[in-house]
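If you're matching them up, the sequences are chains A and B in order. Under full-length UniProt numbering, the letters of the first sequence match residues 1 to 195, in that order. Under full-length UniProt numbering, the letters of the second sequence match residues 1 to 195, in that order.
2 protein chains.
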Amino acid sequence: MKELHEKIIQDGKVLSNDVLKVDAFLNHQIDPPLMQAIGEEFAARFKEDGITKILTIESSGIAPAMMTGLIIGTPVVFARKKKSLTMSDHLFTSSVHSFTKKETNEISVSKDFLQKGDKVLLMDDFLANGQAVLGLLDIIEQAEAELVGVGIVIEKGFQPGGAMIREKGIRVESLAIIQSLEDGKVTFANGESNE
Amino acid sequence: MKELHEKIIQDGKVLSNDVLKVDAFLNHQIDPPLMQAIGEEFAARFKEDGITKILTIESSGIAPAMMTGLIIGTPVVFARKKKSLTMSDHLFTSSVHSFTKKETNEISVSKDFLQKGDKVLLMDDFLANGQAVLGLLDIIEQAEAELVGVGIVIEKGFQPGGAMIREKGIRVESLAIIQSLEDGKVTFANGESNE
């Protein structure tokens, strides 16, 4: 997605060969018109698939998922990373390890909002090691809902998550795939870079 | 805001005299068209105020803040509840106690995204004891930014946060003010109820 590639090149910061910081527009400060364009792109890619629900995870998945849900006309559910005291035991739960934050979180989704018969688009801001996607897939399976595909804003193609999910036969649509962050330079899988 | 009142009456669940669960449309499952209507309402209320930035806090503030930012044309920054390892020390921080979750979180905002000269609309999904608003006000003050006002989706008028913030001379716009949850019944400050 051209607009996203340009934004990554303009405002992304390469902190190391592994870490791309996009907190200027995606996961700390949010650029609403970019989120709208991202929503339109996901809606175009998944519009024929009869999606009934979008499932994402707090916090950075919420903005792109909400814009996609607004355009395709479905509710959005965000998995919680910790049980809230106002939630009951009426939950699907799974575990997600974050290599970045070096911690494992329990994630949960209320049984009220994901059910058998739902056709689910799973969305997240980043796909790197794929742990969050695995946790959400587990929850979709527990709910006996149907996974339609996975929509990712930025995939780090040099980390194993994307290949691992695709090897399961799952459709993964990533709007930007980063091939390398070496030498402080963003190179996209389609060959674009910031030089 | 009529549409929000109706949604609260239709899908909100009164769990006790203090607790209203709105996870069907606001803080677990999100209703995107309602978020758009909420964004339009905040935009109408604050459109003359020259806002340059919306500040909210993860996670449930993100959806209404993003729609408001899209309509009024400003970026949205969401305070993080815990330091991420990919963030530097380049942060404004404050503490927020949650009575619901019985925990105190450090919240932080990067100095890159809130600055002197910013005219800030502070937004959150709920206003009850006002602790999150106080933490965000502290961060706005540290940044020497200018607070324009506070936009709240649902204010629990029977808890002290709203009065405490207004007593500071701060403009608070709440789209729904709940006067009471007694006897399992939602009564709004304007006299509407679910009976």
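Ideal Cβ placement from N, Cα and C applies to all residues, glycine included. Keep in mind it's a predicted model, so treat the numbers as computed, not measured.
- With a threshold of 8 Å between beta carbons, Q159/B makes no contact with chain A.
- Here the region 92-103 of chain A makes no contact with the region 175-195 of chain A; the two share fewer than three CB pairs at distances below 8 Å.
- By the rule that beta-carbons nearer than 8 Å mark a contact, S110/B touches chain A.
- Setting aside the 5 residues that flank it on each side, A24/A is surrounded in the same chain by D11, each with a C-beta closer than 6 Å to its C-beta; the list follows chain order.
- According to the DSSP secondary-structure assignment, Q29/A is paired through a beta bridge with V77/B.
- Between the alpha carbons of I72/A and E167/B lies a distance of about 43 Å.
- With respect to the 8 Å criterion, V120/B and L55/B are classified as neighbours on the basis of their beta carbons.
- When the five nearest sequence neighbours on each side are left out, the beta carbons in the same chain lying within less than 7 Å of the beta carbon of Q179/A are those of G157, F158, T187, F188 and A189, in order along the chain.
- The region 102-117 of chain A and the region 141-152 of chain A touch, with no fewer than 3 CB-CB distances between them shorter than 8 Å.
- In the structure shown, K102/A adopts coil according to DSSP, grouped into three states.
- Under the three-state reduction of DSSP, L137/A is assigned to helix.
- Straight across, the Cα-Cα distance linking A176/A with L20/A is about 12 Å.
- CA-to-CA, the gap between Q131/B and K111/A works out to about 30 Å.
- Boundaries of the alpha helix (DSSP H) harbouring A163/B: G161 to E167, taken from the DSSP string.
- Within chain A, the residues whose beta carbon sits less than 7 Å from that of R80/B are H28, listed in sequence order.
- Judged by their CB atoms, E103/B and A79/B are not nearer to each other than the 8 Å cut-off.
- K2/B has its alpha-carbon roughly 29 Å from the corresponding atom of L137/B.
- Among the CB atoms of chain A, none fall inside 8 Å of the CB of L121/B.
- Under the 10 Å beta carbon count, E41/A is surrounded by 16 or more other beta carbons and is classified as buried.
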